[in-house]
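S.K.: This is the structure I want to talk about, given as structure tokens.
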Amino acid sequence: MRDSYVVPVVMASNNKAVYHYLDIGRLGRGEVVKLFMKDAGFNVKEVRYAYDETWPKVSKMLQEQGLTRTGKVPALEYQGLILTQHLPILRYLARDLGSYDGETNQEKYAVDVVADIYNDWRSKWVANLSNKTDQYKDQIAPTYYNIVGQYYSDNDGPYLLGNKATYVDFAVYQSIDNDERTGTLPSSLPQSLLKLREAIEKRPNISDYIKETRED
Numbered sequence: 001m002r003d004s005y006v007v008p009v010v011m012a013s014n015n016k017a018v019y020h021y022l023d024i025g026r027l028g029r030g031e032v033v034k035l036f037m038k039d040a041g042f043n044v045k046e047v048r049y050a051y052d053e054t055w056p057k058v059s060k061m062l063q064e065q066g067l068t069r070t071g072k073v074p075a076l077e078y079q080g081l082i083l084t085q086h087l088p089i090l091r092y093l094a095r096d097l098g099s100y101d102g103e104t105n106q107e108k109y110a111v112d113v114v115a116d117i118y119n120d121w122r123s124k125w126v127a128n129l130s131n132k133t134d135q136y137k138d139q140i141a142p143t144y145y146n147i148v149g150q151y152y153s154d155n156d157g158p159y160l161l162g163n164k165a166t167y168v169d170f171a172v173y174q175s176i177d178n179d180e181r182t183g184t185l186p187s188s189l190p191q192s193l194l195k196l197r198e199a200i201e202k203r204p205n206i207s208d209y210i211k212e213t214r215e216d
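Numbering-wise (full-length UniProt numbering), the sequence shown opens with residue 1 and increments by one.
Now the structure itself:
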């Protein structure tokens, strides 16, 4: 029986970073990167911004400071660089660690494909927050999980590539968590995604955090 947790090839306990993101609990793109960095053992200073009437002014300030060109977060200050956009941040960190990604070109392709599918889902999920529709809950979300579940079924699991966690596993986990929080999670998920969810929630570096923030 395969272990559900594999220690990353390179632990990042000595890597210091400053992470800028919205203070909206467990919702949002920023949480994906946060989970990843906790799992990898990064030493992170968090700077959170309220998502209220002050945000437009703060967003402009961050642009002027050069922390984000789009005015959006998350943004990560890391080793003299400013990294933005949550999936590119994850890819950069995975490459920097030499872990959390595919080893072969075929494996990297599989991770990138699921990451793109996830990114398409997130844009629709965000749109549904401000304009809730039955179409999202009844069609878009179930279709997304059905497709992603097929990719996760290609290996024994619990992760996309088998027993080796990659950055996209945290993104897919976050999609499940976010849909549950907004009441848009399908009543049943593919077994492969249930295995992923269980495995992520048992990972030593993030299990306590997930339990503590389950109601956030």
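Ideal Cβ positions, reconstructed from N, Cα and C, are used throughout, including at glycine. Since the structure is predicted, the reported quantities are computational estimates derived from the model, not experimental observations.
(1) Do you know how far the Cα of R214 is from the Cα of R203?
(2) Quick one: using the 10 Å Cβ neighbour count with 16 as the cut-off for buried, is K45 buried or exposed?
(3) P186 to D169, Cα distance in whole Å?
(4) Taking DSSP as the reference, what is the three-state secondary structure of I82?
(5) Candidates R69, D179, A171: which alpha carbon is nearest L87's?
(6) Quick one: what does DSSP say R48 is sitting in, helix, strand or coil?
(7) Take N105 and list the residues in its own chain whose beta-carbon comes closer than 7 Å to its own, dropping the five residues that flank it on each side.
(8) Flag this pair as yes or no: are the beta carbons of V111 and G102 separated by less than 8 Å?
(9) Candidates D52, L189, D116: which alpha carbon is nearest P142's?
(10) Could you pull the start and end residues of the alpha helix (DSSP H) that Y145 belongs to?
(11) Where DSSP assigns a beta bridge to E77, which residues make up the other side?
(12) Kindly identify the DSSP beta-bridge partner or partners of Y159.
M.R.: Once the coordinates are examined:
(1) 15 Å
(2) exposed
(3) 19 Å
(4) strand
(5) A171
(6) strand
(7) none
(8) yes
(9) Of D52, L189, D116, the residue nearest in Cα terms is L189.
(10) 141–152
(11) V18, I82
(12) G162
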